[in-house]
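The numbering of the sequence shown is the numbering used here, which starts it at 28 and goes up by one.
Notes follow once the structure below has been shown.
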Amino acid sequence: MGLTLAEKIIKAHLVEGEMVAGQDIAIKIDQTLTQDSTGTMAYLQFEAMGIDRVRTERSVAYIDHNTIQSGFENADDHMFIQTVAQKHGVYFSKPGNGICHQVQLERFGVPGKTLLGSDSHTPTGGGIGMLAIGAGGLDVAVAMGGGAYYITMPKIVKVELVGKLRPWVAAKDIILEVLRLLTVKGGVGKIIEYTGEGVKTLTVPERATITNMGAELGATTSIFPSDEVTHGFLKAQGREEAYMPLCADADAEYAETVTIDLSALTPLAAQPHSPDRVDTVANIGKIKVDQVAIGSCTNSSYMDLMKVAQILKGKTVCPHVSLVIAPGSKQVLTMLAQNGALADLVAAGARILESACGPCIGMGQAPRTNAISLRTFNRNFEGRSGTASAQVYLVSPETAAVSALTGYLTDPSTCGEAPVVAQPEHFLINDNLVLAPAEKSSDVEVVRGPNIQPFPINHALDETVSGKALIKVVDNITTDHIMPSNAKLLPYRSNIPYLSDYCLVPCDPEFPARAKKEGGGFIIGGSNYGQGSSREHAALVPLYLGIRAVVAKSFARIHAANLMNSGILPLTFANEADYDAISQGDELVLPDIRNCVANDLPIVVENKTTGKTIPVTLTLSARQRKILLAGGLLNFTREQA
Ligand code: MIC
Ligand code: SF4
Numbered sequence: 028m029g030l031t032l033a034e035k036i037i038k039a040h041l042v043e044g045e046m047v048a049g050q051d052i053a054i055k056i057d058q059t060l061t062q063d064s065t066g067t068m069a070y071l072q073f074e075a076m077g078i079d080r081v082r083t084e085r086s087v088a089y090i091d092h093n094t095i096q097s098g099f100e101n102a103d104d105h106m107f108i109q110t111v112a113q114k115h116g117v118y119f120s121k122p123g124n125g126i127c128h129q130v131q132l133e134r135f136g137v138p139g140k141t142l143l144g145s146d147s148h149t150p151t152g153g154g155i156g157m158l159a160i161g162a163g164g165l166d167v168a169v170a171m172g173g174g175a176y177y178i179t180m181p182k183i184v185k186v187e188l189v190g191k192l193r194p195w196v197a198a199k200d201i202i203l204e205v206l207r208l209l210t211v212k213g214g215v216g217k218i219i220e221y222t223g224e225g226v227k228t229l230t231v232p233e234r235a236t237i238t239n240m241g242a243e244l245g246a247t248t249s250i251f252p253s254d255e256v257t258h259g260f261l262k263a264q265g266r267e268e269a270y271m272p273l274c275a276d277a278d279a280e281y282a283e284t285v286t287i288d289l290s291a292l293t294p295l296a297a298q299p300h301s302p303d304r305v306d307t308v309a310n311i312g313k314i315k316v317d318q319v320a321i322g323s324c325t326n327s328s329y330m331d332l333m334k335v336a337q338i339l340k341g342k343t344v345c346p347h348v349s350l351v352i353a354p355g356s357k358q359v360l361t362m363l364a365q366n367g368a369l370a371d372l373v374a375a376g377a378r379i380l381e382s383a384c385g386p387c388i389g390m391g392q393a394p395r396t397n398a399i400s401l402r403t404f405n406r407n408f409e410g411r412s413g414t415a416s417a418q419v420y421l422v423s424p425e426t427a428a429v430s431a432l433t434g435y436l437t438d439p440s441t442c443g444e445a446p447v448v449a450q451p452e453h454f455l456i457n458d459n460l461v462l463a464p465a466e467k468s469s470d471v472e473v474v475r476g477p478n479i480q481p482f483p484i485n486h487a488l489d490e491t492v493s494g495k496a497l498i499k500v501v502d503n504i505t506t507d508h509i510m511p512s513n514a515k516l517l518p519y520r521s522n523i524p525y526l527s528d529y530c531l532v533p534c535d536p537e538f539p540a541r542a543k544k545e546g547g548g549f550i551i552g553g554s555n556y557g558q559g560s561s562r563e564h565a566a567l568v569p570l571y572l573g574i575r576a577v578v579a580k581s582f583a584r585i586h587a588a589n590l591m592n593s594g595i596l597p598l599t600f601a602n603e604a605d606y607d608a609i610s611q612g613d614e615l616v617l618p619d620i621r622n623c624v625a626n627d628l629p630i631v632v633e634n635k636t637t638g639k640t641i642p643v644t645l646t647l648s649a650r651q652r653k654i655l656l657a658g659g660l661l662n663f664t665r666e667q668a
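Set out below in structure tokens:
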């Protein structure tokens, strides 16, 4: 039997285990990336491991999230990352160089290689045929140190693209259609592999839009083949030597197949507050728009913004709309500046932001109260924009630009001739904002500001764990709920004690105080608990608050791994209905839990308040068992050393 593309790359990188869906495997990591908001923690953890130089082929540290220097905190973190990167053999992409995923695709991505990034949208690299996976910072730190990355071998799903997009229909509409079909839980435990004739019709940045938003499916990653289109992209980036053709075998077998006819798609939008609440723009109708934001790692490529510039050229943004545009990288911004498109954007009334995440992570441009905001981003979770009452719709750059002109959500296919933008023969190459690591580690002194506080480290798992159910939350709770990020909180990503006062506040403002008063306890979750960001702060902060276990109907992949890495037990109800058997405030006990984990015995939660015994499951590999017993991955790594 032939292999799928993902299987081929996994096979070439397999260090441990068997490539059978559901079994634990370890793979060698060729490249890593970090960004600043998860990076400070990742490098503190790397330092704690006591390894001098990274052992990957290429590791890059980006500054793209916390770029509003409203106080010393961000600037301190930037300098810490710059110096720690240079000391330990990591390339450093300075603020202003662009969003990590966009720059990685342009300048560093290599088909057939593995990439592990401390950001959930790392699968953007799948657009160029990489096996690119998002993880918590500690997993990335381990990979930088040469350690393998452990995952459960995912099922491989084939998404067959047939036909060709019609004018005005975009790559964003393809991934929104996949989200409509599969939902935000549909990709958990899966790799989404794109195949079919339609693949050839998509450029690398379009493919990257699709693999980027595979994160919203909960998928481990998404991947496109590496073909002549990939070749052309790498050549235009001056990196032809990185090209290698790669595709699945003709007789590869997939766990599931989904077929999408590109020619049948129409412009789509994800409605508030979930990326899978998808409908056609035409069905949603003519809603009045207050803000339009174009950019983010999903849709900020040169070709995306050239289309936007063509739509806006010679026109003026509707008076009641605020239009903001953040080009994805310095390369994109410089090219727009050189060919005059930037002038067209500015003349039309667009507010140009620096090449960074910006409004996507609530760093500025929070919409007005009750605003309707159209964004080309990938997440529209409630409150993420920085305005709790805002209604965010996710759309393509074409739909966004046209709507910015009309002032209403507008189906662009009703607007005459669509812009046509070809890939340039040569992208502009100037890597002067990427600093190479120092030759000798001893030449660099790591600079640490007062904002960098020690992070919590768990202790070995206790014989028995007990405490109150401190909070009970509903389905699909995101890491933006667990550890909110906005312009006020993001500067404190290196300061867990500070962040602890904001944990789960969108669900219950009293939670942090209650957790502190009780000295810790349990969190009770619904299904897909912890979807979204890879931020391990969503585990480290609960650890700081004394959380010993989360009992949920199901977990998102990266968050479950982060909990385990912190030594917090991610327990799943054996019967979903037992979710109703625990109320907030109930006294819970995990009797003899250390022994149960050590010897793979059935685990129960005893509800002392009701007298009910609730069976829960915890599926562990031998390694995860040791990690939990040690009280987390850092303790385990030290024990191994
Ligand atoms: C996000 O889009 O939520 C982020 C901010 O990029 C996160 C990382 C973080 O929380 O720092 C992600 O997607 O992993
Ligand atoms: Fe940055 Fe937004 Fe992409 Fe996260 S999703 S990496 S915040 S642009």
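No residue lacks a Cβ here, since even glycine has one placed at the ideal position from N, Cα and C.
Do residue j and residue i come within 8 Å of each other at the CB atom, strictly closer than that value?
i      : j      : result
Phe99  : Gly476 : yes
Gly163 : Asn589 : yes
Gly265 : Ile456 : yes
Asp200 : Ser423 : yes
Ile36  : Gly139 : yes
Asp317 : Val348 : yes
Gly153 : Thr222 : no
Ser512 : Ile479 : no
Ala242 : Gly161 : yes
Ile405 : Met240 : Note on residue identity: the sequence assigns Asn, not Ile, to residue 405. Their beta carbons are under 8 Å apart, which means Asn405 touches Met240 by this criterion.
Ser145 : Thr236 : no
Ala48  : Pro150 : no
Ala175 : Ile314 : no
Ala608 : Ile585 : no
Phe454 : Ala269 : no
Thr83  : Asp57  : yes
Asp438 : Pro299 : no
Ala320 : Pro386 : yes
On a CA-only basis, which of the options is nearest residue i? Give me that one, please.
i      : options                          : result
Ile620 : Met271, Gly152 and Ile630        : Ile630
Gly312 : Asn326, Ser430 and Gly245        : Ser430
Leu339 : Ser328, Asp278 and Gly376        : Gly376
Met591 : Asn522, Ala565, Ser86 and Val226 : Ala565
Ala463 : Thr61, Gly44 and Ser86           : Ser86
Asn634 : Ile551, Leu572, Thr67 and Ser561 : Ile551
Val373 : Cys387, Pro354 and Ile388        : Pro354
Arg234 : Phe251, Pro439 and Ala291        : Phe251
Ala427 : Arg402, Ala417 and Thr441        : Arg402
When you compare only the Cα positions, how much space is there between residue i and residue j?
i      : j      : result
Gln50  : Gln651 : 13 Å
Leu655 : Leu567 : 15 Å
Ser147 : Thr343 : 36 Å
Gly548 : Val577 : 9 Å
Leu488 : Glu614 : 19 Å
Ser301 : Ala415 : 14 Å
Asp104 : Val184 : 40 Å
Ala309 : Ser400 : 17 Å
Gly125 : Glu545 : 43 Å
Ile523 : Gln611 : 25 Å
Gly259 : Thr286 : 26 Å
Ser290 : Leu209 : 20 Å
Asn397 : Ala417 : 5 Å
Glu537 : Asn326 : 37 Å
Asn626 : Ala649 : 10 Å
Could you check where the alpha helix (DSSP H) with residue i kicks off and where it finishes?
i      : result
Pro524 : Ile523 to Leu526
Thr67  : Asp63 to Met76
Ser147 : Premise fails: Ser147 is in no alpha helix (DSSP H) and is neither H nor E.
Asn366 : Lys357 to Asn366
Gln337 : Tyr329 to Leu339
Phe582 : Looking at the DSSP string, Phe582 is not in any alpha helix (DSSP H), and its letter there is neither H nor E.
Lys262 : Glu255 to Ala263
Please list the terminal residues of the continuous beta strand (DSSP E) segment that includes residue i.
i      : result
Asp288 : Glu283 to Asp288
Glu633 : Ile630 to Asn634
Phe549 : Gly548 to Gly552
Ser249 : Thr248 to Ile250
Thr599 : Leu596 to Phe600
Phe119 : Tyr118 to Ser120
Assess, as a yes-or-no matter, whether the region 209–224 is touched by the region 553–561 under the definition of 3 or more beta carbon pairs within less than 8 Å.
yes
Tell me, please, whether the region 597–616 touches the region 228–236 by the rule of three or more beta-carbon pairs shorter than 8 Å.
no
Meets three-Cβ-pair contact criterion under 8 Å: the region 355–365 and the region 329–339:
yes
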